[in-house]
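Taken in sequence, the protein lines are chains A and B. Residue numbers for the first sequence, in our numbering: -9 to 140. Residue numbers for the second sequence, in our numbering: -9 to 140. Every residue, glycine too, gets a C-beta built ideally from N, C-alpha and C.
Number of protein chains: 2
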Amino acid sequence: MKSKLLVGVLGATLFGASMSTPVYADKAEDAIKYRQGVFTAFRWHFGAMGAMVRGKVDYDAEQFAHHATQLAALTRMPKEGFIEGSDFGDTAAKAELWENLDDVNARFDKLISDADALLAVSGGSLGDVRPAFGAVAKNCKGCHDNYKEE
Amino acid sequence: MKSKLLVGVLGATLFGASMSTPVYADKAEDAIKYRQGVFTAFRWHFGAMGAMVRGKVDYDAEQFAHHATQLAALTRMPKEGFIEGSDFGDTAAKAELWENLDDVNARFDKLISDADALLAVSGGSLGDVRPAFGAVAKNCKGCHDNYKEE
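Structure below.
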């Protein structure tokens, strides 16, 4: 960021031009921030459910259903953030991700359907929701193991 | 972060203890990251619609409706991130926000209903969606002017 800013300031000073970063690069940076923002929100809701499933906080069916609702909505979002050109910079996505976009997209579709299945049973007992929560969690691990620098 | 890590490492070294940050502070930090993540995702979808409304990219009713759907889902999320104790640290929330939580919550409810109204007209012509988009935008500005350090 610092060197990019310097280039921009130098460009503006020497040539009287505005910041010279191409729109395309801005869009790629925005895409990286976007998908990271989505995953951060994802972790909040996933973590709140996980704490109940692991017995760290009391199970509350209504609260669990709230988080399942938000999680299902969020699963629709990250896919569009993996745009062309957003494979560099402040991202933990491995090179393998960009070589296997069909698999990545199929995994996101699986995540969506598993989150919908969790939402469908939410409101029920802890015994009802635990296996569906575990199925969602498997998606996270599967994708991170293959495509994310940890 | 660096000093916190140092304290943790020192604590672990000197006393054989695990990281000493209280769970409460972790939760507050998570809440700040969570709401910032939600707003980052919010900007992505809001910005995509804004580019169409301002004529920077061609209007595509289906794409617009996609972004309106995601935006409506996201408006449900930030409120729960403004938890007690999350008024310090890496946040742009002004002190005034914490003194006016009833007003802040009412503003979030208005944002939700305006985003729903936008979603309801999305799929229509640019003339249909423009006023509803402007109504959503007013919420951002109103809340930022009062409660966010810019």
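Check whether chain A comes within 9 Å of G113(B), counting only Cβ atoms and requiring the distance to be less than that. If you number the second sequence from 1, residue 113(B) lands on position 123. It does not; no Cβ of chain A falls within 9 Å.
Taking the beta carbon of S112(B) as the centre, do at least 16 other beta carbons fall within 10 Å, making it buried, or is it exposed? In the second sequence, counting from the first residue as 1, residue 112(B) sits at position 122. Per the 10 Å Cβ criterion, buried.
Could you spell out the range, first to last residue, of the alpha helix (DSSP H) harbouring R120(B)? In the second sequence, the residue the question calls residue 120(B) occupies position 130. R120(B) -> alpha helix (DSSP H) spans L116 to Y137.
Beta carbon of A18(B), beta carbon of G79(B): below 9 Å? In the second sequence, residue 18(B) corresponds to position 28, counting from 1. In the second sequence, residue 79(B) corresponds to position 89, counting from 1. Yes; because the gap between Cβ atoms is below 9 Å, this pair is in contact.
Let me know the secondary structure DSSP gives A58(A) once reduced to three states. Translated into positions along the first sequence, residue 58(A) becomes position 68. Reduced to three states, the DSSP call for A58(A) is helix.
Should K23(A) be labelled buried (16 or more other beta-carbon atoms within 10 Å of its own) or exposed? For the purposes of this step, residue 23(A) is taken as the residue at position 33 of the first sequence. Counting Cβ neighbours within 10 Å, K23(A) comes out buried, since at least 16 surround it.
What number of angstroms, rounded off, separates the C-alpha of K138(A) from the C-alpha of A51(A)? As a first step, residue 138(A) must be located in the first sequence, where it is residue number 148. As a first step, residue 51(A) must be located in the first sequence, where it is residue number 61. Near 32 Å, if we compare the C-alpha coordinates of A51(A) and K138(A).
Answer yes or no: the CB of L108(A) versus the heavy atoms of the ligand HEM, is any distance below 8 Å? Absence of the ligand HEM is noted for the structure shown, with no ligands found whatsoever.
Determine the direct distance from the alpha carbon of R33(B) to that of I73(B), and round the result to whole angstroms. Position 83 of the second sequence, counting from 1, holds the residue named residue 73(B). Position 43 of the second sequence, counting from 1, holds the residue named residue 33(B). Rounded to the nearest angstrom, the two C-alpha atoms are 22 Å apart.
Short-range partners of chain B found in the region 52 to 68 of chain A, where Cβ spacing is below 7 Å: Answer set for the region 52 to 68 of chain A: Q60, A63, R66 and M67.
Take W88(A) and list the residues in its own chain whose beta-carbon comes closer than 6 Å to its own, dropping the five residues that flank it on each side. For the purposes of this step, residue 88(A) is identified with residue 98 of the first sequence, where counting begins at 1. Counting only Cβ-Cβ distances below 6 Å, and skipping sequence neighbours, we find D77.
Per DSSP, A83(B) forms a beta bridge with which residues? Counted from its first residue, the second sequence places residue 83(B) at position 93. Partner(s): K138(B).
Under 9 Å, Cβ to Cβ, is there at least one residue of chain A near T30(B)? Here the question's residue 30(B) lines up with position 40 in the second sequence. True, the Cβ-Cβ gap to chain A drops below 9 Å.
Could you pull the start and end residues of the alpha helix (DSSP H) that F98(B) belongs to? Residue numbering aside, residue 98(B) sits at position 108 when the second sequence is read from its first letter. First-last of the alpha helix (DSSP H) with F98(B): L91 to V111.
Report the rounded CA-to-CA distance for N144(B) versus D106(B), giving the unit in angstroms. Here chain B covers residues -9 to 140 and nothing more, so residue 144(B) does not appear.
Just the Cα atoms here: how many angstroms apart are H35(B) and A85(A)? Locating residue 35(B) in the second sequence gives position 45, where the first residue counts as 1. Locating residue 85(A) in the first sequence gives position 95, where the first residue counts as 1. The alpha-carbon atoms of H35(B) and A85(A) are separated by roughly 26 Å.
Per-residue DSSP class, three states only, for E146(A): Only positions -9 to 140 of chain A appear in this structure, which leaves residue 146(A) out of reach.
Would you please verify whether the beta carbon of R44(A) is less than 9 Å from any beta carbon of chain B? By one-based count along the first sequence, residue 44(A) stands at place 54. False, the Cβ-Cβ gap to chain B never drops below 9 Å.
Does DSSP classify G6(B) as helix, strand or coil? Mapped onto the second sequence, residue 6(B) falls at position 16. Low confidence applies here, because G6(B) scores a pLDDT of 34, under 50, leaving its location unreliable and the question unanswered by this model.
What residues in its chain sit with their C-beta under 6 Å from that of T81(B), if we drop five residues either side in the sequence? Taking the second sequence and counting its residues from 1, one reaches residue 81(B) at position 91. Excluding sequence neighbours, T81(B) sits near I22.
Where does P12(B) fall in DSSP's three states? Counted from its first residue, the second sequence places residue 12(B) at position 22. Note that P12(B) scores a pLDDT of 49, beneath 50, so its modelled location is shaky; the value from the coordinates is reported in the next line. Note: P12(B) maps to coil in three-state DSSP.
So D20(A) contacts chain B; which residues on that side make the cut at Cβ distance below 7 Å? Working through the first sequence from its first residue, we reach residue 20(A) at position 30. Correct list: W34.
Using the rule of at least 16 other Cβ atoms within 10 Å of the residue's Cβ for burial, across every protein chain shown, is V28(A) buried or exposed? Here residue 28(A) refers to the residue found at position 38 when the first sequence is read from its first residue. So V28(A) counts as buried.
R44(A) - DSSP class collapsed to helix/strand/coil: For the purposes of this step, residue 44(A) is taken as the residue at position 54 of the first sequence. Three-state DSSP puts R44(A) in coil, outside helix and strand.
Taking a contact to mean a Cβ-Cβ separation below 9 Å, would you say D104(B) touches K131(B) in this structure? In the second sequence, counting from the first residue as 1, residue 104(B) sits at position 114. In the second sequence, counting from the first residue as 1, residue 131(B) sits at position 141. For D104(B) and K131(B), no; Cβs fall outside 9 Å.
Does M(-9)(B) get closer than 9 Å to chain A when you measure Cβ to Cβ? Translated into the one-based positions of the second sequence, residue -9(B) becomes position 1. Note on M(-9)(B): pLDDT 35, under 50, position unreliable in the model; the coordinate value appears next. No, M(-9)(B) lies away from the interface with chain A (no Cβ there is under 9 Å from its Cβ).
Under 9 Å, Cβ to Cβ, is there at least one residue of chain B near Y27(A)? Against the first sequence, residue 27(A) aligns to sequence position 37. First, the amino acid is wrong: residue 27(A) is Gly here, not Tyr. Closer than 9 Å to some Cβ of chain B, the Cβ of G27(A) qualifies, so yes.
Identity of the residue in V47(A), D92(A), H57(A) and D48(A) nearest K69(A) by Cα: Translated into positions along the first sequence, residue 69(A) becomes position 79. Nearest option by C-alpha distance: D92(A).
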